[in-house]
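Student: Number 10 in our numbering belongs to position 9 of the sequence shown; there are no gaps in the numbering.
All C-beta atoms in this analysis are idealised placements derived from N, C-alpha and C, irrespective of residue type, glycine included.
Quick caveat, the model's predicted, so the values are computed rather than measured.
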Amino acid sequence: MTVKPGVANSLSLVEDQPEPAPEEGAILVEALAVGICGTDHEIIAGEYGEAPPAEDRLIIGHESLGRVLEDPTGTLQPGDLVAGIVRHPDPVPCPNCAVGEWDMCRNGQYTEHGIKALSGFARDRWRIEPQFAVKLDPALGRVGMLLEPTSVVAKAWDHIERIGHRAEWQPQTVLVTGAGPIGLLAALLATQRGLTVHVLDRATSGPKPDLVAALGASYHTVPVNDLPFDPDVVVECTGAPTVVIDVMCKAAPTGIVCLAGVSSGGRSIDFDAGALNRALVLENNVVFGSVNANRRHWNMAAQALSRADQSWLESLLTRRLPVERYAEAYAPEQGDIKVVLEFGS
Ligand code: BGC
2 MTVKPGVANS
12 LSLVEDQPEP
22 APEEGAILVE
32 ALAVGICGTD
42 HEIIAGEYGE
52 APPAEDRLII
62 GHESLGRVLE
72 DPTGTLQPGD
82 LVAGIVRHPD
92 PVPCPNCAVG
102 EWDMCRNGQY
112 TEHGIKALSG
122 FARDRWRIEP
132 QFAVKLDPAL
142 GRVGMLLEPT
152 SVVAKAWDHI
162 ERIGHRAEWQ
172 PQTVLVTGAG
182 PIGLLAALLA
192 TQRGLTVHVL
202 DRATSGPKPD
212 LVAALGASYH
222 TVPVNDLPFD
232 PDVVVECTGA
242 PTVVIDVMCK
252 AAPTGIVCLA
262 GVSSGGRSID
272 FDAGALNRAL
282 VLENNVVFGS
292 VNANRRHWNM
302 AAQALSRADQ
312 SWLESLLTRR
322 LPVERYAEAY
332 APEQGDIKVV
342 LEFGS
């Protein structure tokens with residue numbers, strides 16, 4: 002599956018792609034599936050994404066699940082389930098990339114499979130170096146493409162906890178805004194931490210209310226300001242400007258607001274920046290952004306998925322389509338949570 006970055010609707014299935022070059026990695030993997038997310042839709046719309054140097058097309062797909070065909074390094078065995086880490090460190094490398102924290106890259110020269118200057122995983126076979134391959138529990142065979150979005154929320158939770166421990170910290174109530182895949186997985190990780198979890202979304206029908214209830218969490222469709230509690234932690238996954246501002250004001254004293262939703266930009270809203278600053282200062286609140294994940298977070302995500310109810314994870318995958326039906330798969334539909342493109346048999 003390829004696009005011409007910067008050109009809207011250039012998505013096409015290219016049938017005569019060469020085999021992945023040995024320089025792409027020692028481990029040869031047969032693709033089983035890729036998950037599709039908002040970033041893919043932005044790339045297809047020509048708003049994001051970058052082709053590898055000297056190429057004009059980018060192979061997309063960054064939420065991978067594959068089966069190892071060969072690994073001459075002996076790190077993995079043929080037949081192992083594997084996912085590829087999305088981001089590679091910048092070549093300089095900056096102080097963070099130098100220690101394996103490419104998710105915190107400081108100079109922006111990182112690359113990302115299927116997104117930024119590195120071929121993605123939506124192709125029959127791909128290659129990866131052992132340090133970027135994450136082995137999956139065989140029980141995750143049907144849902145392993147959720148490892149990538151789970152790594153993103155595992156990082157968000159890791160940083161929430163690090164920030165929380167700046168002082169005595171006993172959080173109880175979590176608000177997740179947006180019940181898409183990232184929001185639902187953030188809520189899953191919150192329930193695994195024994196917290197009281199609330200999820201807010203616009204949808205009043207479809208699968209979201211039941212998915213939230215199945216986690217033992219509460220589902221809300223009211224405006225943020227009407228919620229009858231002040232959350233200790235917010236994981237904001239909508240990127241919607243008013244929701245972003247509202248949750249910053251709604252957090253409890255010493256609250257932590259993690260912004261994990263990428264806004265499209267271009268929309269202005271009026272708000273009282275001074276009042277917001279006053280509230281944040283006087284309540285010792287923290288607002289921070291979080292993107293991507295490093296290897297430690299991928300390992301945390303693999304553990305979180307193994308501990309989760311597999312049938313709940315499966316119910317996040319609302320449509321699974323073979324690669325030949327890619328046009329349908331990449332066209333968003335009402336009620337979609339996660340759409341998956343399947344490869345081979
Ligand atoms: C991916 C991240 C990536 C980000 C920005 C997200 O969709 O999950 O891994 O860093 O896009 O490119």
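#1: Would you say the beta carbon of A294 is closer than 8 Å to some non-hydrogen atom of the ligand BGC?
#2: When DSSP labels each residue in this structure, what does A155 get in the three-state scheme?
#3: Classify V234 as helix, strand or coil using the three-state DSSP reduction.
#4: Taking the alpha-carbon positions, what's the E71 to C98 distance?
#5: Under DSSP, the beta strand (DSSP E) around V225 begins and ends at which residues?
#6: Under 8 Å Cβ to Cβ from V245, same chain only, skipping five residues before and after it: list those, please.
#7: What residue does the alpha helix (DSSP H) around P242 start on, and which one ends it?
#8: Could you check where the alpha helix (DSSP H) with V213 kicks off and where it finishes?
#9: I need the straight-line Cα distance from P224 to E64, nearest angstrom please.
#10: Helix, strand or coil: which one does DSSP assign to W313?
#11: Helix, strand or coil, according to DSSP, for E162 in the structure here?
#12: Cβ atoms of L147 and K339: under 9 Å apart, would you say?
#13: Tell me which same chain residues have a C-beta within less than 7 Å of the C-beta of G145, skipping the five on either side of it?
#14: Measure how close the beta-carbons of Y331 and D41 come, nearest whole angstrom, since I'm counting them as under 8 Å.
#15: Could I get the ranges of all uninterrupted alpha helix (DSSP H) runs contained in the segment 75-100, with 4 residues as the minimum, in chain order?
Tutor: The short version:
#1: The residue given as residue 294 occupies position 293 in the sequence shown. Yes - the ligand BGC has a heavy atom lying nearer than 8 Å to the Cβ of A294.
#2: Here residue 155 is taken as the residue at index 154 of the sequence shown, counted from 1. DSSP places A155 in helix when its eight states are reduced to three.
#3: In the sequence shown, counting from the first residue as 1, residue 234 sits at position 233. Per DSSP, reduced to three states, the secondary structure at V234 is strand.
#4: As a first step, residue 71 must be located in the sequence shown, where it is residue number 70. As a first step, residue 98 must be located in the sequence shown, where it is residue number 97. When rounded, the distance between both Cα atoms is 28 Å.
#5: Indexing the sequence shown from 1 puts residue 225 at position 224. Run containing V225: none; DSSP gives neither H nor E here.
#6: Counting from 1 along the sequence shown, the entry for residue 245 is found at position 244. The residues are E237, T239, L260, G262, S264.
#7: As a position in the sequence shown, residue 242 is number 241, starting the count at 1. The continuous alpha helix (DSSP H) containing P242 extends over residues 242-251.
#8: Working through the sequence shown from its first residue, we reach residue 213 at position 212. Its alpha helix (DSSP H) spans residues 209-215.
#9: Taking the first residue of the sequence shown as 1, we reach residue 224 at position 223. Taking the first residue of the sequence shown as 1, we reach residue 64 at position 63. If you draw a straight line from the Cα of P224 to the Cα of E64, it comes to about 32 Å.
#10: Along the sequence shown, one-based indexing puts residue 313 at 312. Correct three-state label for W313: helix.
#11: Position 161 of the sequence shown, counted from the first residue, corresponds to residue 162. Three-state DSSP puts E162 in a helix.
#12: Stepping through the sequence shown from its first residue, residue 339 is reached at position 338. Stepping through the sequence shown from its first residue, residue 147 is reached at position 146. The Cβ-Cβ distance between K339 and L147 falls below 9 Å.
#13: Mapped onto the sequence shown, residue 145 falls at position 144. Taking C-beta separations shorter than 7 Å and ignoring five residues to either side along the sequence, the partners of G145 in its chain run L66, L82, A84, L137, following chain order.
#14: As a working note, residue 331 is residue 330 in the sequence shown. As a working note, residue 41 is residue 40 in the sequence shown. At roughly 7 Å, the Cβ-Cβ gap stays under 8 Å, so Y331 and D41 are in contact.
#15: Correct list: 96-99.
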